[in-house]
Amino acid sequence: MSKAVILGGTGVIGQAAARRLLAAGWQVDVCSRNPGRMPADLAAKGARHRILDRADASSLRSVLGDGADLLVDCLAFSAADARLVIPFLGSVGSTVMISSKAVYVDGAGRHVNSEVRPQFNGPISETNPTLAPGSGDHNTAEGYGPNKVAAEHTFLDSGHPVTVIRGSKVHGQGAAPAREWYFVKRILDGRSAIFLRNGGRSIDHTSAAVNLAVLIETVAGLPGSRVLNGADPDAPTVLEIARTAAGHFRHSWAEVFSEGDSTSDVGRTPWDTASPIVLDMSAAAKLGYIPVGTYAQTVAETLDWLAGAFRKDGAGAQDLPFFEGRFDYAAEDEYLKILTP
Ligand SMILES: NC(=O)c1ccc[n+]([C@@H]2O[C@H](COP(=O)([O-])OP(=O)(O)OC[C@H]3O[C@@H](n4cnc5c(N)ncnc54)[C@H](OP(=O)(O)O)[C@@H]3O)[C@@H](O)[C@H]2O)c1
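Take 1037 as the starting number for the sequence shown in my numbering and just add one per residue.
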């Protein structure tokens, strides 16, 4: 039986990868700090939870010391993180490092975490220029991308077969934050209007965790050193995302196209962009990757999971700083009053 080790395995990508690999007959070790976050279905299907502190070499040795056919590293945020894992790769068949489209720069050097938003000229392929590798705090807007690039380079220069997968806006069970909560909460709260900026035309490519899981499974059988984009086969507009959520719950609301306003959060969704951000998925397709489905086909499980969690414990896991200011219903009601006095 082939063995996979997933660092950050209880997260949104790790869970989906574990489900996919278990279904294909793999033995799966799900590694994270808190065993209490181990999804019950994974344990029931035979996945093993291993306690891991990703920053600690001896902890890594305890989960990787016996080798593996596949290592999925969802927790490499810097060159230092990559360097901690590389000593174990000699006994790993194929390694996947989860990276991000945040590494890409446009013609003016802007990226998704710049103060001025990037303007890409069409789908972004893996050969698009990236930020220069850097260090410092990866938990900051300016530090995240350069540190991710440094982690990518460190893995790719290691001489081991490492596939770097650059994800975009990930959706799936266990996401924290789950961006779809922006719409699901409004639906469950019975809101009668949804506000969208830019005519709802913003596009920030979505990445279903279940699609990333297939991509991971694909490269598990094709060890190599490469970079691949990881996104859905379609790139829905924010209006399409809103309609998918509303349609799923048979909720009807008025679509109100609000003006962008720096003094107000009305209509500011997690997918807003200055110009479309779309990842070119042709390199993955050439390797034989066949996604599970489109955004609308794959997001249903997330919508149901969010609604179920909400009924169980209210906002629960989505009560996160990420959503601060994003549910200002009073401001929305005020906006409507101005439109329809
Ligand atoms: N989510 C997105 O939209 C998105 C987009 C692009 C790229 N990415 C990339 O995806 C990766 C994150 O994957 P994800 O979104 O699946 O993560 P996630 O949902 O945030 O889950 C993170 C997982 O890692 C565990 N963890 C966190 N810190 C740890 C540590 N120090 N030691 C051991 N375990 C730790 C967490 O459980 P415990 O807290 O219990 O340890 C959890 O299992 C990152 O590399 C990120 O750059 C994500």
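Beta carbons are placed, not taken as given, at the ideal position from N, Cα and C, and that holds for glycine.
Rounded C-alpha distance that separates residue i from residue j
i, j, result
"Gly1324", "Thr1254", "7 Å"
"Asp1308", "Ala1353", "23 Å"
"Ala1249", "Ile1049", "7 Å"
"Asp1355", "Arg1279", "23 Å"
"Asp1225", "Lys1348", "15 Å"
"Phe1293", "Thr1273", "13 Å"
"Leu1375", "Ala1290", "13 Å"
"Glu1337", "Gln1209", "7 Å"
"Asp1089", "Asp1117", "11 Å"
"Ser1204", "Gly1266", "7 Å"
"Ser1136", "Ile1201", "7 Å"
"Ile1042", "Val1152", "35 Å"
"Ser1114", "Glu1360", "28 Å"
"Glu1370", "Ala1343", "27 Å"
Same chain, Cβ closer than 6 Å to residue i, five either side skipped, listed in chain order
i, result
"Pro1312", "Ile1239"
"Thr1163", "none"
"Asp1142", "Pro1154, Gln1155, Phe1156"
"Gly1172", "Gly1179"
"Lys1221", "none"
"Phe1285", "Ile1223"
"Ala1093", "Leu1120"
"Pro1306", "Arg1215, Tyr1218"
"Val1148", "Ala1138"
Neighbourhood of residue i by C-beta, 8 Å cutoff - its chain only, sequence neighbours within 5 removed
i, result
"Thr1087", "It should be noted that the sequence gives Ile, not Thr, for residue 1087. Cys1067, Ser1068, Arg1069, Pro1071, Ser1095, listed in sequence order."
"Glu1367", "The question names Glu, but residue 1367 is Ala in the sequence shown. Answer for Ala1367: Ser1300, Asp1301, Val1302, listed in chain order."
"His1196", "Ile1122, Leu1125, Gly1126, Val1128, Thr1131, Ser1261"
Proximity below 9 Å, CB of residue i to CB of residue j
i, j, result
"Leu1106", "Ser1127", "no"
"Val1328", "Val1246", "yes"
"Val1381", "Glu1216", "As shown, the chain starts at 1037 and ends at 1377. That puts residue 1381 outside it, with no answer to give."
"Lys1058", "Lys1039", "Sequence inspection shows Leu at residue 1058; the Lys mentioned does not correspond to that position. It is not a contact, given that the beta carbons lie outside the stated cut-off."
"Ala1281", "Phe1219", "yes"
"Met1133", "Ala1104", "no"
"Thr1330", "Pro1269", "yes"
"Ala1320", "Leu1251", "yes"
"Gly1061", "Cys1110", "no"
Close Cβ partners of residue i (< 7 Å) along its chain, the five nearest in sequence each way excluded
i, result
"Thr1166", "Val1139, Tyr1140, Val1141, Val1185"
"Gly1235", "Phe1293"
"Asp1193", "none"
Check whether the segment 1169 to 1182 touches the segment 1260 to 1272, counting contact only when three or more Cβ pairs, one atom from each stretch, lie closer than 8 Å.
-> Per the Cβ contact rule, the segment 1169 to 1182 is not in contact with the segment 1260 to 1272 (fewer than 3 Cβ pairs under 8 Å).
Determine, using beta-carbon pairs with one atom in the segment 1070 to 1084 and one in the segment 1095 to 1105, whether at least three such pairs fall under 8 Å.
-> no
What runs of the beta strand (DSSP E), each 3 residues or longer, lie entirely inside the segment 1240 to 1293?
-> 1242 to 1244, 1262 to 1266
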